[in-house]
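Chains as they are written, first to last, in the working numbering: chain A, 1 to 247; chain B, 1001 to 1247.
Beta carbons: idealized from backbone N, C-alpha and C, even for Gly.
Everything numeric in this text was worked out from a predicted model, so none of it was measured.
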DNA sequence: CCAAAAGTGTTCCATTTACACCCATGA
DNA sequence: TCATGGGTGTAAATGGAACACTTTTGG
C-alpha cells in the first residue's frame, strides 16, 4: 500500500498568529458518487458548495457545518449532508480531523480556530439527484469530478483540495479489502456492474474472469436465481450482497 | 487486513441526554513502548494516568487534556504528553476522533460534551523513564501492559479500553507495511533486534530468514560495515534506517 | 570441537495474472 | 449464424512460509 499522501504532512503547521477564542468544531463531508465524466466513462464526482463569503468567496468547498451539542459526530455529518445536498448515504466513515493553524485565517468568524472532522462516503448514482426540494442546479451546490484530471476544479477553498485527494486515497485502498462498492449498487446487481464500480474507483480496467473468482472466494456474495433480461446478449446472473449494510 | 474492531461501531451511539454547552475539544494519546512483561518477554506498554476526580475516580485513563487556541492538533498532543509523562516521541500519528454522546457523562465539567482527538505513537524503551523532574513512580502516572492478556488493566476510564484496543489494531496493521518499528531502535541495530520489535508488536515469532529477505527487498535499510561485538556468538552486522525519520 | 546465532539457498504452496476457450442470447 | 458479453479452465508468474544448510564466533 502506498503511503498516505496527506495527513503525514499536516501536523507541521507553524503558529502564524495567536487565535483568541477556543477552537470550534466543524464537520465536513466528502461524498463520492459515480457519474459519467466529460469523456463519457464513469468516474468519481463530489458535491461542492460555492462560498458566498470571504475568505475564498466564489470558490468551491466541501459541504459542512458546525457540530451541535446533542448529536454524535456521525449524526452531525449526516444532518449536514442532508441539509446541504439532500443526500443520506448508507455508508459513512470518518476520514480525519484537520486542525492545522493555517486553516484559522477566517475573518468571517473572527479569529476563531476551526477544527474540522471530515467524513467520507460512497453513494448510489440515483441518490445524486439532490433530493427533497433541492434540484440539480440548486443554489450554490453542484457536482464536480473529484479529480482535476477528469475535469474537476484544481483548486478548492481552504485545504479542501488536499482533503479530497486524501479521501480518494482512502477510498481506493479500502475498496480492495472492504465491502465498500456494494453501497453504490442496488439490492441485486451483475458482476459486470460491480466490476464497473471497482474500475471507476481504481481508475483502471480489471480482468472479468479474475475479478469474478476473487470476489466469489472472499466477499459475502450470494448468487440469485434471477437474471438481468433485456440486454443485447446473454443475460448475466444477478447477485446479492449478504454482508453488513450501512453501519 | 482484518476489519477495524472499534470505530465502525462508534457512530451508532444514541442520544442519551441533551448536553447544553457546545462540545469542547480534548486531545489524548496512546503511547506504546516495549518493555518486558511479567512473563519476561518484551511486550507493549502504555502510560496511564490515575483519575483523581469523578467520574471514574481511581481508574486509569489515557494522558490527555484540552486543546488550546494557538496550537495545532499534533502540537497539543505533544505538549500534553510532555506535561503528563515527559515523553517526546519521534513519531506521532492521529488515530481517530471520538465524539459519541455516551462519552458526555462528566459531572466534573458540567454537562459539556467532549470530543477527543486521539494520537498514538511508538517510542524507544529508554524514553520510558519519565523525563525531566518526573520519576518512574511519579504521582499518578504509571506504565501498564497494553493488553489485559499480558497483565494490563481490563477496564479503563471512559471508553479508553476500546481506544487502546483500536490503537493496537492500527499499530499491528501499520507495522507490516510502514516504517514504524525503526522509531523504537537507535541509529544502528541488528536485524535480530528489528525482528524482536516486530515480534513483540505482532505477538508472534517470525522466521529470521524470511524476515531478513522481506525487509531487504522493501524498506529503506542500509547495511553498515559495523558489527555488534561482545555477543556470545557470531557478531551480527549492524544496519541503518535511511528512510524518513520522525514526521 | 561444540553450541548457538548469523546468514544463504531451496522447496513448497497459495494467490495473482494472463489469456484461451466455451456458452447463451438478441438481432 | 454471427457478434458480443457471460462464464469456465488453465498455465505461468509471483510472493510468502517452511526448513535444510553453511558460516562464524565464544567458550
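Measure from the C-beta of residue i to each C-beta in chain A and report whether the shortest distance is under 7 Å.
| i | result |
| --- | --- |
| residue 1233 of chain B | no |
| residue 1191 of chain B | no |
| residue 1079 of chain B | no |
| residue 1113 of chain B | yes |
| residue 1117 of chain B | yes |
| residue 1242 of chain B | no |
| residue 1245 of chain B | no |
At least one CB of chain B closer than 7 Å to the CB of residue i: is that the case?
| i | result |
| --- | --- |
| residue 67 of chain A | yes |
| residue 44 of chain A | no |
| residue 63 of chain A | no |
Identify, in the order they occur along the chain, each residue of the same chain with its Cβ nearer than 7 Å to the Cβ of residue i, setting aside the five sequence neighbours on each side.
| i | result |
| --- | --- |
| residue 232 of chain A | none |
| residue 1122 of chain B | 1032, 1091, 1171, 1180, 1183 and 1184 |
| residue 1234 of chain B | none |
| residue 146 of chain A | 32, 44, 45, 46, 152, 164 and 168 |
| residue 1075 of chain B | none |
| residue 1077 of chain B | 1027, 1029, 1092 and 1119 |
| residue 1050 of chain B | 1058, 1060 and 1140 |
Taking C-beta pairs closer than 7 Å, name the residues in chain A that residue i reaches, listed in chain order.
| i | result |
| --- | --- |
| residue 1096 of chain B | 94 |
| residue 1028 of chain B | Within 7 Å Cβ-Cβ: nothing; residue 1028 of chain B doesn't reach chain A, min ~12 Å. |
When you compare each of the options to residue i by their alpha carbons, which one comes out closest?
| i | options | result |
| --- | --- | --- |
| residue 1180 of chain B | B/1166, B/1202 and B/1072 | B/1202 |
| residue 169 of chain A | A/227, A/30, A/25 and A/23 | A/30 |
| residue 1152 of chain B | B/1175, B/1098, B/1037 and B/1121 | B/1037 |
| residue 193 of chain A | A/225, A/166, A/241 and A/174 | A/241 |
| residue 1087 of chain B | B/1048, B/1175 and B/1024 | B/1048 |
| residue 1124 of chain B | B/1224, B/1042 and B/1237 | B/1042 |
| residue 52 of chain A | A/35, A/140, A/67 and A/93 | A/140 |
| residue 1248 of chain B | B/1097, B/1190 and B/1054 | Because residue 1248 of chain B is not part of the residues shown, which for chain B are 1001 to 1247, the question remains open. |
| residue 34 of chain A | A/22, A/114 and A/196 | A/196 |
| residue 1219 of chain B | B/1070, B/1230, B/1226 and B/1177 | B/1177 |
| residue 215 of chain A | A/226, A/200, A/191 and A/229 | A/191 |
| residue 1022 of chain B | B/1039, B/1114 and B/1067 | B/1114 |
| residue 66 of chain A | A/39, A/55, A/222 and A/80 | A/80 |
Under 7 Å between beta-carbons, which chain B residues line up against residue i? List them in chain order, please.
| i | result |
| --- | --- |
| residue 99 of chain A | 1072 and 1073 |
Which residues in the same chain as residue i place their Cβ atom closer than 8 Å to its Cβ, once the five residues preceding and following it in sequence are excluded?
| i | result |
| --- | --- |
| residue 224 of chain A | 188, 237, 238, 239 and 240 |
| residue 1198 of chain B | 1175, 1181, 1206 and 1211 |
| residue 997 of chain B | The first residue shown for chain B is 1001 and the last is 1247, placing residue 997 of chain B beyond what the model contains. |
| residue 1083 of chain B | 1065 |
| residue 1227 of chain B | 1235, 1236, 1237 and 1238 |
| residue 1243 of chain B | 1179, 1182, 1219 and 1220 |
Taking C-beta pairs closer than 9 Å, name the residues in chain B that residue i reaches, listed in chain order.
| i | result |
| --- | --- |
| residue 22 of chain A | 1024, 1025, 1066, 1067, 1068 and 1069 |
Please return the same chain residues whose Cβ sits closer than 6 Å to the Cβ of residue i, not counting the five positions on each side in sequence.
| i | result |
| --- | --- |
| residue 1094 of chain B | 1119 |
| residue 143 of chain A | 45 and 47 |
| residue 1116 of chain B | 1026, 1028 and 1098 |
| residue 1150 of chain B | 1037 and 1043 |
| residue 230 of chain A | none |
query: With a cut-off of 8 Å, do at least 3 Cβ pairs link the region 144–159 of chain A to the region 49–66 of chain A?
result: Yes, the region 144–159 of chain A touches the region 49–66 of chain A.
Indicate whether the contact test is met: 3 or more Cβ pairs, each with one atom in the region 209–216 of chain A and one in the region 181–190 of chain A, closer than 8 Å.
-> Output reads no: the region 181–190 of chain A does not touch the region 209–216 of chain A.
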